[in-house]
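**Student:** Once you've had a glance at the structure underneath, I'll fire off some questions.
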Amino acid sequence: MSKFDQKYEPVIGLEVHAQLLTETKLFCSCSTKFGNSPNSNICPICLGHPGVLPVLNKKAVEFAVMMGISTNCKINRHSIFARKNYFYPDLPKGYQISQYEEPLCENGFITITGKDGTEKNIRIKRIHLEEDAGKSIHNKYDSTLIDVNRCGVPLIEIVTEPDISSPEEAYLYLMKIKQIVLYLEICDGNMEEGSLRCDANISVRLKGESKLGTKTEIKNMNSFRNVERALDYEIERQINSLEDGEEIIQQTLLWNADTDQAYPMRTKEEEHDYRYFPDPDLTPLFINDEWYNEIKNSIPELPDIRLKRFIDFYSLPQYDAEILTQDKSIADYYEMVAKNSKEYKLVSNWIMVDVMSVLNSKNITIKEFTVKPEYLSKLINLISDNVISNKIAKEVFQIMLENNQDPDVIVKEKNLIQISDEKVIIEIVNRVMESNPDQLNEYLSGKDKVVGFFVGQIMKLTKGKANPQLVNKILIEQLNNKKNNL
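The sequence shown begins at 2 in our numbering and counts up one residue at a time.
Structural data, given as structure tokens:
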């Protein structure tokens, strides 16, 4: 048991920045497209030239409200934009337009479920709109290049209360946030491209204490697993410092995934250091009942609701439903397949095993998967109707992966239809028994395991086309007839 388990407990709060999937920036008409040439998606407004006036992007507001409703937040019908003042080389204006005293969304929560099935609510203090800063690119010549394409790109910042008690809980929370924004289709969730970013505030305290310890902030974590690793590192570092009688310094740290260490970047600012004040160029944001209801009605079925429906409607086990609904696109694909096949559990098995295996091996998404949902439905129906065996279905599936051909056509062209005629199977069974007298004698002398040998020989002779259930049934009958006639 570590010092952490025995004596200390961590207190963690997360700040998640999600880049919104709008075509244009928050206050101007510049493109938000990722990967364009450096410093090409810019204009006087997002660069903060004197005399320019920002105009708020309506779609960004709607996306933020959708996230607020989906995380049980109170939506403030009146909110204010503020200037957050600080100097950074990739922030040409010298300030960032954000929200401070009156954010758009407040006092929400999401529920996470641990490995042991225990549920816990993580409170969300606020969700506010703000514009992104640019990007500093540090090259090998010890110089820094500035790309301001990202300046003005719309973000929502989702700030938790300090309710997270372990790196595992932090991971579960982040996964849930990502799942919600993907279901809402307001953010692509790509951490590598920076469209979903997380900063973590960590402190430790003696178990039973109510007062929070001195916190540090970790930045530069580009995957959820890196967030877990960084939190593990910082919790252990702070505990060791306290055990050695050292003072924890409030500072911002940068995580280095290559060395599994965090390095000091700067002492951490307090809120008053940013000199927030209402932006004089932007009027307060008002959301009336009509607009609010329009936004609320546009929210699709959320993951927790879909999970319950998959269990209730499709009679799927909890595990299957969780796997299938984790990704909206996979859940959509499942429902398209299940629409044309009532073998709901068999559909689930094929997607979780065969389809996901292809996605993982090829490193593609379900949207790039080549087999049409209606073709997978047909394949599954061929199995359930006893037209082909499961083994033959695997072969047909491989052909479908190569040319996306209709499975009915494949089965017909390659003569793969399952042999289900009892008379034909009886004839084949008797032929196999006659061809293998030694094994037949073993069975007659009480060695039942030899049944597997006969099944294998029958399937080999029929090239896998014999109905396996019928083969087993008829084989046992014929073997027992032989035994009874001794």
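Beta carbons: idealized from backbone N, C-alpha and C, even for Gly.
Just tell me which of 117, 128, 298 and 212 has its CA closest to the CA of residue 173.
**Tutor:** Walking along the sequence shown from the start, residue 173 turns up at place 172. It is 117 whose Cα lies nearest to the Cα of residue 173.
**Student:** Are three or more beta carbon pairs between the region 6–23 and the region 192–210 nearer than 8 Å?
**Tutor:** Yes, the region 6–23 touches the region 192–210.
**Student:** Taking all protein chains shown into account, do 16 or more other C-beta atoms lie within 10 angstroms of the C-beta of residue 216, making it buried, or fewer, making it exposed?
**Tutor:** Looking up residue 216 in the sequence shown gives position 215. Classification of residue 216: buried, given that the 10 Å Cβ count is 16 or more.
**Student:** Pairs of beta-carbons, one from the region 33–49 and one from the region 156–176, closer than 8 Å: are there three or more?
**Tutor:** No, the region 33–49 does not touch the region 156–176.
**Student:** My guess is that residue 280 and residue 124 are in contact by the Cβ rule of under 8 Å, so how many angstroms apart are they, rounded?
**Tutor:** To locate residue 280, count along the sequence shown from 1; it is residue 279. To locate residue 124, count along the sequence shown from 1; it is residue 123. At roughly 28 Å, the Cβ-Cβ gap does not stay under 8 Å, so residue 280 and residue 124 are not in contact.
**Student:** Exposed or buried, residue 1, counting other C-beta atoms within 10 Å across all chains shown (16 or more means buried)?
**Tutor:** No information on residue 1 is available, as it lies outside the stretch 2 to 487 that the chain covers here.
**Student:** Near residue 262, which residues of its chain fall below 7 Å by C-beta distance, leaving aside the five closest residues on each side in sequence?
**Tutor:** Position 261 of the sequence shown, counted from the start, is the residue given in the question as residue 262. For residue 262, where only same-chain residues beyond five positions count, the Cβ hits under 7 Å are 234.
**Student:** Between residue 307 and residue 326, which are expected to be in contact by the criterion C-beta below 8 Å, what is the C-beta distance as a whole number of angstroms?
**Tutor:** On the sequence shown, position 306 is the one that residue 307 refers to. On the sequence shown, position 325 is the one that residue 326 refers to. Contact holds; Cβ gap of about 5 Å.
**Student:** On the three-pair Cβ rule with 8 Å, is the region 24–31 touching the region 46–59?
**Tutor:** Yes: the two stretches touch, three or more of their Cβ pairs being nearer than 8 Å.
**Student:** In chain order, what residues of the same chain lie with their CB nearer than 6 Å to the CB of residue 312, ignoring the 5 residues before and after it?
**Tutor:** Stepping through the sequence shown from its first residue, residue 312 is reached at position 311. Contacts found: 322.
**Student:** Residues in the same chain with beta-carbon distance under 6 Å from residue 258, minus the five sequence neighbours each way, listed in chain order, please.
**Tutor:** What you label residue 258 is simply residue 257 of the sequence shown in a count that begins at 1. Answer for residue 258: 227, listed in chain order.
**Student:** Flag this pair as touching only if the region 374–394 and the region 404–418 have three or more C-beta atom pairs under 8 Å; answer yes or no.
**Tutor:** Yes: at least three Cβ pairs fall under 8 Å.
**Student:** Ignoring anything shorter than 3 residues or poking outside the region 12–87, list the beta strand (DSSP E) runs there in chain order.
**Tutor:** The qualifying runs are 83–86.
**Student:** Could you give the DSSP three-state label for residue 238: helix, strand or coil?
**Tutor:** Within the sequence shown, residue 238 is the residue found at index 237, counting from 1. Three-state DSSP puts residue 238 in a helix.
**Student:** From the DSSP output, in three-state form, read off residue 120 for me.
**Tutor:** Residue 120 sits at position 119 when you count from the first residue of the sequence shown. Here residue 120 sits in strand by DSSP.
**Student:** In the DSSP assignment, what are the bridge partners of residue 265?
**Tutor:** Within the sequence shown, numbered from 1, the residue matching residue 265 stands at position 264. 254, per the DSSP bridge assignment.
**Student:** Spell out a yes or no on whether the region 294–301 and the region 331–348 are touching, meaning 3 or more CB-CB pairs, one atom from each, closer than 8 Å.
**Tutor:** No, because fewer than three Cβ pairs between the region 294–301 and the region 331–348 fall closer than 8 Å, the two stretches do not touch.
**Student:** To the nearest whole angstrom, what separates the beta carbons of residue 187 and residue 17, a pair I think is in contact under 8 Å?
**Tutor:** The sequence position of residue 187 within the sequence shown is 186, counting from 1. The sequence position of residue 17 within the sequence shown is 16, counting from 1. Not really, about 13 Å apart at Cβ, beyond 8 Å.
**Student:** Report all residues from its chain with a CB closer than 7 Å to the CB of residue 236; omit the five preceding and five following residues, and keep chain order.
**Tutor:** Locating residue 236 in the sequence shown gives position 235, counting from the first residue. Within the same chain, residue 236 has close Cβ partners 5, 11, 203 and 205.
**Student:** Measuring only the C-alpha atoms, how far is residue 2 from residue 168?
**Tutor:** On the sequence shown, residue 2 is found 1 positions in, with the first residue counted as 1. On the sequence shown, residue 168 is found 167 positions in, with the first residue counted as 1. Confidence at residue 2 is low in this model, with a pLDDT of 41, below 50, so the placement of that residue should be treated as unreliable; the coordinate-derived value is given next. If I take the Cα positions, the gap works out to 17 Å.
**Student:** Taking the alpha helix (DSSP H) that residue 391 belongs to, which residues open and close that run?
**Tutor:** The residue labelled residue 391 in the question sits at position 390 within the sequence shown. Looking at the DSSP string, the run of the alpha helix (DSSP H) that includes residue 391 is 391–404.
**Student:** Identify every run of the beta strand (DSSP E) within the region 154–238, keeping only runs that are complete inside it and at least 3 residues long; order them along the chain.
**Tutor:** Here the runs fully enclosed are 155–161, 197–207 and 217–222.
**Student:** Less than 8 Å between CB atoms is the rule here; does residue 336 satisfy it with respect to chain C?
**Tutor:** In summary, chain C is missing from the structure at hand, where a single protein chain is found.
**Student:** Let's test the definition: count the other Cβ atoms within 10 Å of the Cβ of residue 176 and tell me whether it reaches 16, buried, or not, exposed.
**Tutor:** Within the sequence shown, the letter at position 175 stands for residue 176. Exposed, by the Cβ-count rule.
**Student:** What residue does the beta strand (DSSP E) around residue 311 start on, and which one ends it?
**Tutor:** Here residue 311 corresponds to residue number 310 of the sequence shown, with the count starting at 1. Unbroken run through residue 311 is the alpha helix (DSSP H), 304–315; no beta strand (DSSP E).
**Student:** Name the residue from 93, 470 and 403 whose alpha carbon lies nearest to the alpha carbon of residue 371.
**Tutor:** On the sequence shown, position 370 is the one that residue 371 refers to. Nearest of 93, 470 and 403 to residue 371, Cα basis: 403.
**Student:** Alpha carbon to alpha carbon, how far is residue 368 from residue 399?
**Tutor:** Counting from one through the sequence shown, the residue named residue 368 turns up at place 367. Counting from one through the sequence shown, the residue named residue 399 turns up at place 398. When rounded, the distance between both Cα atoms is 18 Å.
**Student:** Where does residue 109 fall in DSSP's three states?
**Tutor:** Taking the first residue of the sequence shown as position 1, residue 109 is located at position 108. Strand at residue 109.
**Student:** Leaving out five residues before and five after residue 65 in sequence, what residues of the same chain have Cβ atoms less than 6 Å from its Cβ?
**Tutor:** Counted from its first residue, the sequence shown places residue 65 at position 64. Counting only Cβ-Cβ distances below 6 Å, and skipping sequence neighbours, we find 105, 130 and 157.
**Student:** Which one or two residues does DSSP pair with residue 332 in a beta bridge?
**Tutor:** One-based indexing of the sequence shown puts residue 332 at position 331. Looking at the DSSP assignment, residue 332 forms no beta bridge with any residue, so it has no partner.
**Student:** Among the residues of its own chain, which have a CB less than 8 Å from the CB of residue 479, if the five just before and after it don't count?
**Tutor:** In the sequence shown, residue 479 corresponds to position 478, counting from 1. The residues are 427, 430, 431 and 434.
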